[in-house]
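Enquirer: In the order they appear, the protein sequences are chains A and B. First residue of the first sequence? That's 1 in my numbering, and the numbers climb one at a time after it. First residue of the second sequence? That's 1001 in my numbering, and the numbers climb one at a time after it.
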Amino acid sequence: VSTESRIPPGPLERRIRLLLHAYPPGYRADRGAEMLGTLLEATPDGRDWPSARDSWSLLAGGARARRTANRQLGPATSLRQAVVLGLALYVSLESAQFFMPDPLTRAHGTPMLAGLLLAATVLAVWAGHRTLMVTTAAASLAVLAYYWYSYWAIPAFRHRPPFEWTALQLMSAVPLLLAIPALAWLATDARPALGVALALVVSQAVPLATFVQVDIAEHEPVASVWQWHQSADVEKLALAVVMTVAMAWMLRRRTRPHPR
Amino acid sequence: MTSPPMREPTYFVLAALLAGPLHGYAIIKRAEELSGGRVRLATGTLYTALDRLTAEGNVELVSEETVAGRVRRTYGLTESGSAALRAEAQRMAEAAALIIAPEAKAGPLARKPRTA
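#1: For B:Thr1066, count neighbouring C-beta atoms within 10 Å of its own C-beta (all shown protein chains included) and say buried if the count is 16 or more, exposed if not.
#2: Can you name the start and end residues of the beta strand (DSSP E) that A:Ser51 belongs to?
#3: Mind checking whether B:Thr1078 and A:Thr38 have CB atoms under 8 Å apart?
#4: Say whether chain A places a C-beta atom closer than 8 Å to the C-beta of B:Val1059.
#5: Three-state secondary structure (DSSP) at B:Thr1078?
#6: For B:Val1071 and chain A, any beta-carbon pair shorter than 8 Å?
#7: Buried or exposed: A:His21, going by 16 or more other Cβ atoms within 10 Å of its Cβ?
#8: Tell me, please, whether the CB atom of B:Ala1042 is closer than 8 Å to any CB atom in chain A?
#9: At the level of alpha carbons, what is the spacing between B:Leu1085 and A:Trp49?
#10: If contact is defined by three or more beta carbon pairs under 8 Å, each pair taking one atom from either stretch, is the region 1030–1044 of chain B in contact with the region 1053–1063 of chain B?
#11: Using the beta-carbon count (16 or more within 10 Å), is A:Gly62 buried or exposed?
#12: Taking just the CA atoms, how far does A:Ala33 sit from A:Pro25?
#13: Looking at the structure shown, is B:Val1067 part of a helix, part of a strand, or coil, going by DSSP?
#14: Using the rule of at least 16 other Cβ atoms within 10 Å of the residue's Cβ for burial, across every protein chain shown, is B:Ser1063 buried or exposed?
#15: Assuming B:Ala1015 and B:Leu1034 form a contact by the criterion Cβ under 8 Å, report the distance between their Cβ atoms to the nearest whole angstrom.
#16: Can you check whether the C-beta of B:Thr1048 is within less than 8 Å of a C-beta belonging to chain A?
#17: Here's the rule I'm using: 16 or more other beta-carbon atoms within 10 Å means buried, otherwise exposed. How should B:Arg1007 be labelled?
#18: Can you tell me where the alpha helix (DSSP H) with B:Ala1042 in it begins and where it stops?
#19: Is the beta carbon of B:Ala1049 sitting closer than 8 Å to the one on B:Val1013?
#20: So A:Arg66 contacts chain B; which residues on that side make the cut at Cβ distance below 7 Å?
#21: Is there a C-beta anywhere in chain B that falls below 8 Å from the one on A:Asp54?
#22: Can you give the Cα-Cα distance for B:Pro1009 and A:Ala29, rounded to whole angstroms?
#23: Anyone know if the C-beta pair for B:Tyr1025 and A:Ala42 falls short of 8 Å?
#24: A:Leu19 and A:Leu40 - do their beta-carbons sit closer together than 8 Å?
#25: Could you name the residues of the same chain whose beta carbon sits closer than 6 Å to that of A:Tyr23, not counting the 5 residues immediately before and after it, in chain order?
#26: With DSSP as the reference, please indicate the residues paired to B:Glu1033 in a beta bridge.
#27: Note the first and the last residue of the continuous alpha helix (DSSP H) segment covering A:His35.
#28: Quick check on B:Arg1072: does DSSP put it in helix, strand or coil?
#29: Since B:Gly1036 meets chain A, which of its residues come closer than 8 Å, beta carbon to beta carbon?
#30: Compute the beta-carbon to beta-carbon distance between B:Ile1027 and B:Leu1017, rounded to the nearest angstrom, for a pair I have assumed lies under 8 Å.
#31: Which residues does DSSP list as the beta-bridge partners of A:His21?
#32: Determine, using beta carbons only, whether B:Gly1076 comes closer than 8 Å to chain A.
#33: Whose CA, out of B:Ser1080, B:Thr1074, B:Arg1073, lies closest to the CA of B:Ser1003?
#34: Does the beta carbon of A:Gly46 sit closer than 8 Å to a beta carbon anywhere in chain B?
#35: Around the Cβ of A:Arg47, are there at least 16 other Cβ atoms within 10 angstroms (buried) or fewer (exposed)?
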């Protein structure tokens, strides 16, 4: 048996290490090296990838370990994260509406409801209530589906927009598409700072980036939206900025050593 | 109050340790042998089962060594694990007896075999 430990890792080992990131950091520190050794033994010689079964089992095992770790978080921590998440989602949806000129899609109630339901989903995951989690997730997805479908399906709004509009509307869907996996990550992450950081990037940076793009492309098709935005939604963008700063501040606090 | 039936991977992890302590990969191989190749434990499944069994007091860490720069831990069956395994084997044997040898234990499921 070799005792050399400075051999550079091969592709198989690198890929296994990557998959082991499915587990929370504390678990990885305790079990990671042992699991790596077992996986290297279990994978036949000459293969550069662990088997599909092993890969899937690591992802599932990692999610389970994160859920277990999250159950040990205090209710105050869980609640604080859920509130941050709900607010981030709300601001994200509101920012997405920036690109939607129709009064129907400008209604505040729908995205707020979806945001609250998704926040409830996260709470249910943290608390380990699977039935509640499935119910709230299904309800929030239904609300989101209605939110997007209503824009395209109601005859009064079924005009074909110019190309610039379509592109902008697609861009406005990006934060939503990214927010859902971010929520899933946040819901199962035992290290709050990482999950909150991801939610921060996804829910705030994307809408703000698209806002800047509109500012640059201040031409005819965008002008009406720009006027609409000027009239009603400056405060929403201001809220997005405030939330970004607030979450960055929270992250800074979390990285400090625990006071005794 | 009786404990719920064990899942098959859990049963074979415990059965693999019956003859003596083993490390992770050896448990996978032994479980596969004992089950005639039916139970092929994926690595993530094995460690999830070991976490649970250790927390329940059915399995314990016996030794830890470093091989090729990596930690290798050996796990063994506790008395409580051994008792749980035997209780499960007994439960399955009784359930199997209802079907395989109905005349030995006549019950509602016992039937005479059809004759041509």
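Every residue gets a Cβ at the ideal spot worked out from N, C-alpha and C, and that includes glycine. Computed from a predicted model, the values in this text were never measured in an experiment.
Expert: Looking at the atomic coordinates:
#1: exposed
#2: Taken as a continuous stretch (DSSP letters only), A:Ser51 belongs to no beta strand (DSSP E), as it is neither H nor E.
#3: no
#4: no
#5: coil
#6: yes
#7: exposed
#8: yes
#9: 35 Å
#10: no
#11: buried
#12: 12 Å
#13: strand
#14: exposed
#15: 5 Å
#16: yes
#17: exposed
#18: No alpha helix (DSSP H) holds B:Ala1042; DSSP gives it neither H nor E.
#19: yes
#20: Those do not exist, as A:Arg66 stays about 12 Å from chain B at its closest Cβ, beyond 7 Å.
#21: yes
#22: 25 Å
#23: yes
#24: no
#25: Gly62, Ala65
#26: Answer by DSSP bridge pairing: none, since B:Glu1033 is not bridged.
#27: A small correction: the amino acid at residue 35 of chain A is Met; His does not occupy that position in the sequence shown. Run containing A:Met35: 25–42, per the alpha helix (DSSP H) assignment.
#28: strand
#29: Chain A residues near B:Gly1036: none, gap ~18 Å exceeds 8 Å.
#30: 7 Å
#31: In DSSP, A:His21 forms no bridge with anything.
#32: no
#33: B:Ser1080
#34: no
#35: exposed
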